[in-house]
Amino acid sequence: MALPINAVPLRIPFSYSPEYKVELRLHESLWEVAMSGPELVIEVMTLCTQLELLCHRELNENTRRPGFRGRKRNYSNTFGTHANLILDKIEKALQCLPKPRPSINEYLNSSGLARMYPRASQVAADPNGLTPDVKTTAVDSHFSHLCSLNQITTLCQQIQSDCMNLHNHKYIAHQVALLYTTLNKHGSAKSFLEHRTSIETTFKTLKKSLSTEPPQLNEDLRNWLVNLTSSLHTLVTSLDGGVKAPLNPVINFLKQTK
Numbered sequence: 024m025a026l027p028i029n030a031v032p033l034r035i036p037f038s039y040s041p042e043y044k045v046e047l048r049l050h051e052s053l054w055e056v057a058m059s060g061p062e063l064v065i066e067v068m069t070l071c072t073q074l075e076l077l078c079h080r081e082l083n084e085n086t087r088r089p090g091f092r093g094r095k096r097n098y099s100n101t102f103g104t105h106a107n108l109i110l111d112k113i114e115k116a117l118q119c120l121p122k123p124r125p126s127i128n129e130y131l132n133s134s135g136l137a138r139m140y141p142r143a144s145q146v147a148a149d150p151n152g153l154t155p156d157v158k159t160t161a162v163d164s165h166f167s168h169l170c171s172l173n174q175i176t177t178l179c180q181q182i183q184s185d186c187m188n189l190h191n192h193k194y195i196a197h198q199v200a201l202l203y204t205t206l207n208k209h210g211s212a213k214s215f216l217e218h219r220t221s222i223e224t225t226f227k228t229l230k231k232s233l234s235t236e237p238p239q240l241n242e243d244l245r246n247w248l249v250n251l252t253s254s255l256h257t258l259v260t261s262l263d264g265g266v267k268a269p270l271n272p273v274i275n276f277l278k279q280t281k
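If you're matching positions, the sequence shown starts at 24 in this note's numbering and goes up one per residue.
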């Protein structure tokens, strides 16, 4: 025998009240700080760096797509969202300026940031104005140089750790070759000349010593690798001499803001 269907609801929910709405502030800063002129420049510069890298990645991805004709108009789904988020942060940072406040583009031009971050300046002037015809700037070299220095320090730490802690050194030769390739990206820079020469003169001996089973470095080669990687790591992290040269445009700009 079928049970009768009860048309009365078991529970009646309360009607929604807007007073219980929680406003999401995922991208808001936790603490609002009043900024001086130099601090504002550095804050906007930091945000422009994020936007410039976002634009750079978007353009690179676009040029690899079939049918690319030299001008960027069709952005990825996430580019506009992320770019607008950064622009909103810049707009909010400029609120600390006295009225009449400049627009983002006016501020970038007056502060000199537009010359350092031309792609970010394009998007600030016109959200649909990003084009690939911007020439390489000093900031582009700054980014690539920092990436290279980061790769050197990471490889040095990895090689030294593997050299001292592993009993099987099968991949050490490959890691040293990768380190040498990274050093070669700096061309004829005198800063790394001694280290490159040391790798060139020792690499064959290194590979030969790893032909045993299991591959294991002898004490002399371990000491050589530890000294090589320690010296490179110290040189890179100290930013002395020619290591710092590609970073000078950004460093000099920051000095002018003081």
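We put the beta carbon where it would ideally sit given N, CA and C, even for glycine.
Since we're looking at a predicted model, the values are computed, not measured.
Nearest residue (CA-CA) to residue i, options the options
i      : options                        : result
Gln183 : Leu169, Cys170, Gln198         : Gln198
Lys267 : Val146, Leu33, Leu172, Ser254  : Leu172
Phe166 : Ala147, Tyr140, Asp185, Glu46  : Tyr140
Asp243 : Glu66, Thr228, Glu81           : Thr228
Asp149 : Ser254, Gly103, Asn191, Tyr43  : Gly103
Leu110 : Pro272, Leu70, Thr257          : Leu70
Glu81  : Thr235, His168, Gln181, Leu153 : Leu153
Thr160 : Gln181, Leu108, Ile222, Val273 : Val273
Thr235 : Met58, Lys193, Leu216          : Lys193
Test item: CB-CB of residue i and residue j under 8 Å
i      : j      : result
Gly265 : Ser214 : yes
Thr11  : Val249 : The shown model of the chain, from 24 to 281, leaves out residue 11, and the question about it has no answer.
Thr220 : Trp247 : no
Val157 : Arg138 : no
Val64  : Ile113 : no
His209 : Ser254 : no
Pro155 : Asn191 : no
Thr280 : Pro41  : no
Cys186 : Arg245 : yes
Ile195 : Leu131 : no
Val146 : Ala106 : yes
Leu47  : His168 : no
Gln181 : Thr205 : no
Phe37  : Gly135 : no
Ser99  : Glu84  : yes
Distance cut-off 7 Å: residue i Cβ against heavy atoms of the ligand NAP
i      : result
Asn275 : Ligands displayed in this structure: none; no statement on the ligand NAP is therefore possible.
Going along the chain, which unbroken runs of the alpha helix (DSSP H) with 4 or more residues stay wholly within the stretch 179–220?
195–207
Okay, do the stretch 126–137 and the stretch 105–118 touch, 3+ Cβ pairs below 8 Å being the bar?
yes
Residue ranges of each alpha helix (DSSP H) within the stretch 91–132, 4 or longer
Correct list: 102–116.
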